Structures are given as structure tokens and as C-alpha cells.
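Below: one structure, written as C-alpha cells.
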Amino acid sequence: MSRRNELNPRQLEAVEHYEGPLLILAGAGSGKTRVLIERIVYMIEEKRVRPWNILAVTFTNKAAKEMKMRIEKQLGPDAKNVWMSTFHSFCLRVLRRHAEVLNYDKNFVVYDTTDQRTVVKKILKAMGLSDKVYKPQSILYHIDRAKNHGLTVEDFASDGDYFLQKVKEVFIAYQAELKKNQAMDFGDLIVSVLRLFGKAPEVLSEYQNQFHYILVDEYQDTNKSQYTLIKLLCDKWHNICVVGDDDQSIYKFRGAEIQNILDFQIDYPNAKMIRLEQNYRSTQNILSAANAVIRGNDKRMGKELWTENGTGDLIKVYTGHADRDEAHYVCAMIKSYQEEYSLGEMAIFYRTNAQSRSLEDELRKQKINYRIFGGIKFYDRAEIKNIMAYLKSLVNPADSIAVKRILNVPLRGIGKTTVGKIDDVATQQDKSFWDVLCSIGSPELDLNISAAATSKIQEFVQLLKDLNKARAELSLDDFLPHLYDKTGYWQMLVDEKTIESESRKENLTELGNVIDDYLSDSEDANLEAFLDQISLASDVDRLDESPEFVNLMTVHLAKGLEFPVVFLVGMEEGLFPHSRSIDNPEDIEEERRLCYVGMTRAKKKLHMSFVHERRLFGTVQYQIVSRFMDELPSEHTSLLGELEAPTPKPRYSEQRYVSKKPFTTRKKVAPRGGSEREIDYEYAQTDQQPFKRGARVSHAVFGAGKITHIEGGGDKMKVTVEFTQGMTKKLLMKHANLKFMS
DNA sequence: GCCCGGTCGATTTTT
DNA sequence: TCGACCGGGC
């Protein structure tokens with residue numbers, strides 16, 4: 114049964130557009146996923162398009178999975194034949210089939226960022242370059258950037274720049290090393306397909322013939338090489354439909370080119386454009402405010418979100434003294450919402466991961482359950498990486514990064530010196546690390562390795578060989594425990610008996626669950642395919658809805674999600690917008706988009722907050738309110754103090770706030786682009802009152818209390834207040850906005 | 001081979 | 001402030 118009649122006219126137009134290039138400019142919350150799904154269903158059901166002639170590309174596995182599920186629900190098992198995947202998994206699928214064209218082994222592995230770093234470091238060492246001058250991160254930035262632009266090593270131009278010349282040398286050695294290890298990094302996956310298509314035009318035309326219809330989601334986040342890939346693939350039929358929102362392009366630092374979406378109508382001259390501006394997620398207040406913020410950007414196609422959801426609450430703006438107060442405020446608010454919303458319906462967004470700490474401290478103190486996303490990823494945990502390295506070594510022993518990683522884990526007494534010797538031989542004889550390992554102890558190879566180490570290595574080689582035998586005999590879910598056991602890894606954790614080792618064990622158990630999940634929803638399950646899936650998986654993919662936890666994440670991670678209650682914290686210059694983007698107008702625009710993304714996640718209640726002092730890297734930073742706060746029209750915001758304070762409601766009624774928007778009264782002395790922005794900042798002032806010990810006061814967040822201590826004077830006056838709720842706080846008079854209660 | 005202690009540096013991160 | 005990383009000492 115089609116639900117197409119529930120679509121609005123614009124959405125319907127997008128769904129029923131059939132042939133030729135189409136750009137769907139889909140604002141936040143405008144139901145674009147639905148449109149994509151209905152469009153695919155429409156093509157298959159009404160236009161009798163065969164599922165395998167459709168390619169749909171998304172950016173996250175989560176999005177791909179969800180779309181697949183929803184299409185299957187409408188179409189049945191036929192939907193399985195639609196090619197629905199991320200850019201990277203699509204490329205991996207293609208490469209597994211045609212790897213030999215590029216002289217690669219079919220069992221090549223995918224290297225993640227950590228592996229990349231390891232390789233670069235090794236090369237720097239071999240080339241005698243200091244990793245202080247040639248920071249691996251910086252080198253990898255250039256390598257990744259080149260690949261994002263669709264360039265291979267040969268194309269990499271140093272423009273006579275000495276540093277870039279060295280980068281190029283490292284780049285060349287890096288690619289050679291990857292090749293030797295039968296590995297590709299994320300960027301390679303895309304570039305290699307481009308190379309494959311260049312080298313074997315017949316393969317390209319095979320895919321061109323197959324994909325009559327191509328859909329690309331989040332088009333604003335494609336990079337140059339992804340753009341080229343799509344352009345090639347749709348060159349025969351020109352049935353390309355891209356969906357995106359230029360206002361939500363927030364991954365420039367990863368090579369995303371907003372220009373791709375801005376130029377779509379130039380690239381595909383007869384392209385039709387459909388704007389989806391009706392929002393089904395948020396209230397009008399939230400949308401109007403978000404519209405106003407994003408209007409500050411120059412480079413955009415222009416779009417105004419609107420909704421029939423009603424005006425809704427004003428955006429609550431909180432200003433506090435220190436980060437602690439902000440955390441306190443957020444927690445108080447969360448508690449006050451708990452009757453109306455579950456914890457899982459609330460989320461706190463911040464610009465940088467480091468900000469989560471003060472929030473976490475307070476959440477713990479107040480016994481509010483929370484979950485945090487990002488930070489250390491599941492698959493980045495040492496124990497998971499180690500086990501994965503075992504699995505990778507079994508599938509592809511040429512992967513010397515993996516083999517070296519586990520050679521001495523658990524500790525086998527095979528140390529750095531030994532590894533170094535083996536490495537040297539491997540380089541000299543142009544053999545893989547594993548091959549050298551295998552020949553250790555044989556008479557023709559004298560490495561000057563101690564007898565003890567030699568026998569340890571032989572045991573290790575035997576271990577992997579045994580494991581590979583067992584792998585053939587056991588199913589994947591039986592094999593993993595077997596591996597935990599035979600390697601001694603589990604025992605090692607048992608012996609450790611620390612809190613960390615306990616959590617490591619839990620993670621390993623969780624990895625078992627991941628395998629079970631994997632086995633239950635894929636037919637041709639094998640270790641190779643499992644590794645592929647894991648190497649392309651991310652943490653967000655594991656994000657499920659749980660009602661018992663408040664969600665904490667960076668604004669980046671929040672993209673694509675929605676919550677009834679949202680707290681956007683740390684709205685301060687230098688943090689949001691981040692200091693690294695402050696003197697580049699283009700970067701500021703990206704920060705503004707990020708702010709827009711954060712705001713438009715909120716369905717009902719949006720809170721934005723900033724403080725004047727924040728502990729960062731151990732020192733106190735004095736903060737200035739974010740320019741984005743200035744861009745919020747005052748008619749859509751309410752300052753804390755004008756709004757009903759959370760539990761408990763103060764007993765006073767009169768409002769003392771003189772200025773409606775005290776935080777905006779700053780003078781811009783250097784109006785545009787001036788690096789030193791002189792800012793005069795005013796705070797909401799309470800009338801000066803003769804505060805004395807014992808005075809009963811009221812605070813908008815903490816409620817009623819009693820002053821127990823006073824120190825300092827003038828602007829520096831601090832009071833200690835014992836609140837009736839139980840906590841005691843030291844507050845700076847100037848910012849605390851305390852009210853007297855008679 | 002391994003452990004410890006000083007130094008340095010520190011956005012965001014769908015794959 | 002906190003962690004990763006390296007080099008020296010055992």
C-alpha cells in the first residue's frame with residue numbers, strides 16, 4: 114500500500130519526477146528520507162524499474178540500513194536487490210570484484226586512521242625525517258586531501274614547495290607500503306575505483322549500463338572524487354537524483370565540497386530543482402531563529418523553513434558565570450522536564466568533545482543517566498583493535514601492521530629489537546613481515562635472534578596457522594571465543610584484575626554480540642565480509658534509541674538526528690565558532706551552518722547557553738558570547754529569568770531584569786574581519802543590594818537559599834549560598850542574578 | 001623487554 | 001587538565 118497520498122505537493126513532485134537530473138534541496142526536517150524511499154518505491158512499483166538497476170548512495174551505514182529496511186517493508190524481499198550502500202562500501206564491493214586489475218589481492222584490507230598514522234611514522238623513520246617537523250597528522254592531511262580531490266600520487270604537485278616535496282616523497286613510500294601490505298585507506302577506496310574505471314573502461318560501462326537510476330543522499334557532503342565517481346556512473350542514463358542541503362554542509366575539513374551542490378545545475382544543465390521547505394520536526398520559533406542565523410551566510414542557495422507545527426516555546430537562553438554553572442543549569446532543566454519527557458528524548462550538544470567533562474561531572478553528581486557518543490570509539494579501543502588485528506592477520510597475513518600489532522600481545526617476550534631486525538630483513542629481501550616470521554629458525558636465515566625469541570616466534574607462527582585451521586572448521590560465532598582462548602588474550606585480562614580489564618572483557622563480549630548480529634542479518638556470512646563491514650562501520654551506526662539516558666554528543670554527530678529537548682551549550686566565541694575558524698570567513702560560514710544544524714535538531718524545546726569563564730586545558734579562559742547568539746532575533750528567545758525557573762519555582766513574582774537581551778549589547782569596534790575585535794560587554798545587572806550574611810535569596814535555577822558567606826567587593830564580590838534543595842554554591846554576585854526574598 | 005616519568009600538545013571526524 | 005609518546009633506567 115502506497116502512502117504517497119500523505120505527501121505534500123513538493124514532496125510528491127520529487128517522488129514522481131522520473132527521468133533526467135534532479136536536485137532536491139531538502140531543508141532540515143523536511144522529510145527527505147521519506148521522499149527518497151517513496152521515490153524508489155514509486156520507480157519499482159509504478160515504473161517497473163528493476164531493483165538492481167537502482168543505486169542509492171548514503172553517507173552512513175545507519176542511513177543505508179534504515180532506508181533498506183523501510184523499502185523492504187513496502188516492497189518485500191525484492192527491495193534487497195536495490196544497490197543501497199555508502200560510498201565506501203559501494204567502492205569496496207566493486208574493488209573486491211576487480212582488484213586484480215589494479216594488481217591488488219582480493220583479500221586486501223582497509224586501513225583506518227590509526228593504521229595510516231603507523232605507516233607514515235614508519236616511513237618518516239626510514240627516511241630519517243623528524244616527526245616534529247613532518248607531523249604525521251599534517252602529512253596525512255595532504256595525502257587525504259589529494260585523494261579527496263581524486264588525485265593519485267603522480268598527480269600530487271609540490272609547486273616547488275620544499276615541505277610539499279617531502280610530503281610527496283612520503284606519499285610515494287606510503288602508497289608502496291600499503292600496496293605491500295595489501296591494504297587501502299578510506300580515500301584509496303574511492304580513488305581506486307576511479308583508477309579502475311580509467312584502466313578498464315569495459316568495467317565502467319558494465320556499471321554504467323547497470324545503474325539506470327542513481328540517487329545520492331547528503332550531496333552537500335560529497336568530495337571531489339565522490340563527485341567524479343557519480344558523474345562517471347550516471348554518464349549513460351543521466352538519471353541522477355541528488356538530495357542535500359547546502360546549509361547543512363559541515364564536513365569541509367574532510368574534503369566535502371559545498372560547491373558540488375551549489376553547481377549541480379551547472380553540471381547538469383537541464384536539471385530540475387525542487388525545494389522542500391516545509392518542516393515537520395520543529396516549532397516555528399525554533400525555525401525562525403535558525404533561519405535568522407543561517408541568513409548570515411553569503412554562499413547559499415537560499416531557503417526558509419516553515420512549519421504548521423505551531424509557534425511553540427521561545428528558545429531559552431541561559432548565561433552563567435562558569436562552565437560548572439552551565440552544567441548545573443542543564444541538569445536542573447533536565448530534571449524539570451523529566452515528567453514530560455524521557456531522558457532519551459533529551460540531548461546535549463557541544464562543539465568539542467572536551468566540553469563533555471563538566472557536564473558529565475554534574476550529571477553524575479545529580480544521578481542523571483547519560484550516554485556519550487563519539488570520543489573513544491568502540492572500534493578504536495585497544496582490545497577490539499587487537500582482536501581485529503588477529504582476525505585481519507588470518508585473512509591477510511601481508512598486513513604487517515596487523516601482524517606486528519599482535520606479535521607481542523599478550524606479552525610473549527618478543528620485543529622492539531627483534532621486531533626491528535625482522536623488519537630490516539623484510540625490507541632488504543622485499544618480503545612481507547609475515548613471510549620473514551615464517552622462515553625464522555631455518556638455517557639459511559641468520560638474524561642473530563636469541564634462541565628464546567626464536568622459539569617464541571615459531572610458537573606465534575604456529576598459533577596463527579592453527580587458528581586459520583580452526584577458522585575453516587568453526588562457525589564465526591564459535592570461532593571468536595576459540596580465538597580469545599587460544600591466543601591467551603582473555604586469560605591476560607582475567608589475570609589483570611583491574612577495573613579496566615573488566616571493561617575490556619565486556620567489550621570483547623560485546624564484539625561477540627556484534628558478530629551474532631552480523632550473522633543474523635547476512636546470508637553469506639564469513640570472516641572476510643565481517644571485517645569489511647567492521648572496517649567501514651562507525652560509532653553512530655551503533656546508536657540506538659534508549660529512553661533511559663540523556664544523549665551527549667558533538668554537534669557534528671547530531672546531524673541527521675532529532676530530539677524533543679535540545680541543549681546547545683558553550684555558545685562562546687572561540688568555542689563556537691571555534692578559534693581555528695575565526696579569521697577565515699569561509700570557515701565561519703561552516704561554523705554557522707553547524708550552529709544551524711544543532712538548532713534544527715530540536716523538536717519542541719531548544720536551549721542555548723554560554724558562560725563567562727570556562728576551564729580549558731587546565732587554565733581559565735574568559736569567554737565572550739558567540740556572535741551566533743547575536744543573530745537570534747529577540748522575539749524568539751527568552752532569557753533565563755523571564756522564564757519559569759525549574760524546580761522549585763521561586764516564590765517571588767517581580768522580575769528585575771532591565772534589559773531584555775543583555776548579552777547582545779556589545780559594540781563592534783572593528784566591524785568586519787578585524788582580527789582584534791574590541792568588544793564591550795555588558796551583563797544583566799541586578800540592583801546593588803546590601804547583601805549580608807543570613808539574607809534569604811533566590812536563584813533562578815537553584816531556587817531559594819540563604820547566604821552563608823561573603824567575600825570580595827564590587828565586581829569581584831562572591832557569596833556562598835546554601836540552597837534549600839541541599840547544595841551549596843559559591844557565586845559571583847555580578848553574574849548570579851540573585852533576588853532578595855523578604 | 002618493560003616500566004615509569006617527563007614533555008608536548010590539544011577541533012569537528014558520516015567512511 | 002589529561003592523554004599519548006618517547007627515552008632512560010632497571
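Converting from the first sequence to this note's numbering requires adding 113 to each position, the first position being numbered 1.
Ideal placement from N, C-alpha and C gives every residue a C-beta, glycine not left out.
Just so it is clear, the structure is predicted and the values come from calculations on it, not from any experiment.
Of the candidates Asn-466, Phe-723 and Arg-152, Asn-466 places its Cα closest to the Cα of Met-666.
Assignment of Pro-677 by DSSP, reduced to helix, strand and coil, places it in the strand class. For the options Glu-496, Arg-437 and Asn-482, the alpha carbon positioned closest to that of Arg-470 is the one of Arg-437. Assignment of Trp-350 by DSSP, reduced to helix, strand and coil, places it in the coil class.
The residues Asn-499, Ala-502, Tyr-503 and Ser-506, in chain order, have a CB closer than 7 Å to that of Ile-519 in the same chain once the five nearest residues on each side in sequence are set aside. Annotation: the continuous beta strand (DSSP E) that includes Asn-664 extends over 663-667.
From the listed residues Pro-556, Asp-268 and Met-386, the smallest Cα separation to Asp-376 is found for Met-386. Nearest Cα to Glu-458 within the set Phe-730, Ile-157 and Leu-674: Leu-674. Fewer than three beta-carbon pairs drawn from the segment 683-691 and the segment 405-422 are found closer than 8 Å, and the two stretches are therefore not classed as touching. For the 7 Å CB-CB criterion, Ile-399 and Leu-719 form a contact.
Setting aside the 5 residues that flank it on each side, Leu-745 is surrounded in the same chain by Ala-402, each with a C-beta closer than 6 Å to its C-beta; the list follows chain order. By the Cβ criterion, the segment 260-267 is not in contact with the segment 538-557, since fewer than three pairs of Cβ atoms, one from each stretch, lie closer than 8 Å.
In this structure the segment 490-498 does not touch the segment 279-293; the number of beta carbon pairs closer than 8 Å is below three. Using a C-beta cut-off of 8 Å, the segment 165-173 makes no contact with the segment 124-131, since fewer than three inter-stretch Cβ pairs fall below that distance. Note that the C-beta distance between Ile-150 and Met-180 is below 7 Å.
With contacts defined by Cβ atoms closer than 7 Å, Phe-172 and Asp-334 form a contacting pair.
For the pair of segments examined, the segment 730-739 was found not to touch the segment 413-420: the number of CB pairs separated by less than 8 Å stays below three.
Taking the CA atoms as reference points, Ser-143 sits about 55 Å from Asp-579.
Going by beta carbons, Val-162 and Asn-509 fall outside the 7 Å limit. The continuous beta strand (DSSP E) containing Ile-428 extends over residues 428-435. Separation of the CB atoms of Thr-420 and Ser-395 is rounded to 6 Å, and the pair is thereby assigned contact status at 8 Å. Collapsing the DSSP output to three states places Met-721 in a strand. In summary, Ala-564 is exposed, with fewer than 16 beta-carbon neighbours lying within 10 Å of its beta-carbon over all protein chains present. Taking C-beta atoms as the reference points, Glu-704 and Gln-736 fail to come closer than 7 Å.
Rounded to the nearest whole angstrom, the C-alpha separation of Lys-569 and Ile-527 is 7 Å. Each of Val-738, Ile-553 and Leu-589 was checked against the Cα of Ala-642, and the nearest Cα belongs to Leu-589. Straight across, the Cα-Cα distance linking Ala-515 with Glu-586 is about 23 Å. Comparing alpha carbon positions, the residue from Asn-664, Ser-751 and Leu-136 closest to Arg-388 is Leu-136.
About 19 Å separates the beta carbons of Ala-141 and Thr-750, which is beyond the 8 Å limit, so they are not a contact pair. Between the beta-carbon of Lys-235 and that of Asp-244 there is about 11 Å, and that puts the pair past the 8 Å contact cut.
One alpha carbon belongs to Gln-378, the other to Tyr-326, and they sit about 18 Å apart. A distance of 7 Å or more separates the beta carbons of Val-522 and Ile-535. For Ala-539, same chain residues with a beta-carbon under 6 Å away, outside a window of 5 residues either side, are Phe-546 and Val-549 in chain order. Rounded to whole angstroms, the separation of the alpha carbons of Gly-554 and Lys-490 is 40 Å. In summary, Ala-289 is exposed, with fewer than 16 beta-carbon neighbours lying within 10 Å of its beta-carbon over all protein chains present. The alpha-carbon separation between Val-355 and Ala-671 amounts to approximately 22 Å.
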